[in-house]
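The structure under discussion appears below in the form of structure tokens.
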Amino acid sequence: MKRWVAICLLAVLGTANASFAEDKAAYEDCVLQHVSLAENGTAANLMTNACHRLYIDNFMLSEKDQSYFQCLLEYLPPSKSTPVAMRIKSTCNSKHRSLFN
């Protein structure tokens, strides 16, 4: 019985490690695809956080939050100044996380 439990535990841990590796690879791809295009430090930080939330720290991430982070990744790269990056962040937030949507 103990051996069976140990085998099941190893199978579960192996699956968890495999899915973590996939998430880490997706996170790295996200950073390379989006953050490398950043023209502003604030935008780069916001996009790095968005990649992290989408692919690493995504436990119980709502559909609204997913849409918000995708919006950041789509519209932040060409922003050239912090005020523009913050305006994009605010607009994505109101568009995707508003209680009225």
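Heads up: the sequence shown runs through residues -21 to -1, 1 to 80, numbered per mature numbering (1 follows the signal peptide of the UniProt record, and there is no 0).
Glycine included, every Cβ here is placed at the ideal spot set by N, Cα and C.
Just so we're clear, the structure is a prediction, and the values are computed from it rather than from any experiment.
Whole alpha helix (DSSP H) runs in the stretch 9 to 60 with 4 or more residues, listed along the chain?
Qualifying alpha helix (DSSP H) stretches, in chain order: 20 to 34 and 42 to 54.
Under the rule that 16 or more other beta-carbon atoms within 10 Å means buried, what is P62, buried or exposed?
As a first step, residue 62 is located in the sequence shown; it is residue number 83 there, counting from the start. Burial is judged here by how many other beta carbons sit within 10 angstroms of a residue's own beta carbon; P62 has fewer than 16 and is exposed.
Given this structure, state the Cα-to-Cα distance separating L40 from R32, to the nearest angstrom.
Along the sequence shown, one-based indexing puts residue 40 at 61. Along the sequence shown, one-based indexing puts residue 32 at 53. Taking the straight line joining both Cα atoms gives about 8 Å.
Spatial neighbours of A34 within its chain, please: C-beta separation below 8 Å, excluding the five flanking residues on both sides.
Reading the sequence shown from its first residue, position 55 is the one you call residue 34. First, the amino acid is wrong: residue 34 is Tyr here, not Ala. Excluding sequence neighbours, Y34 sits near D2, K3, A5, Y6 and C9.
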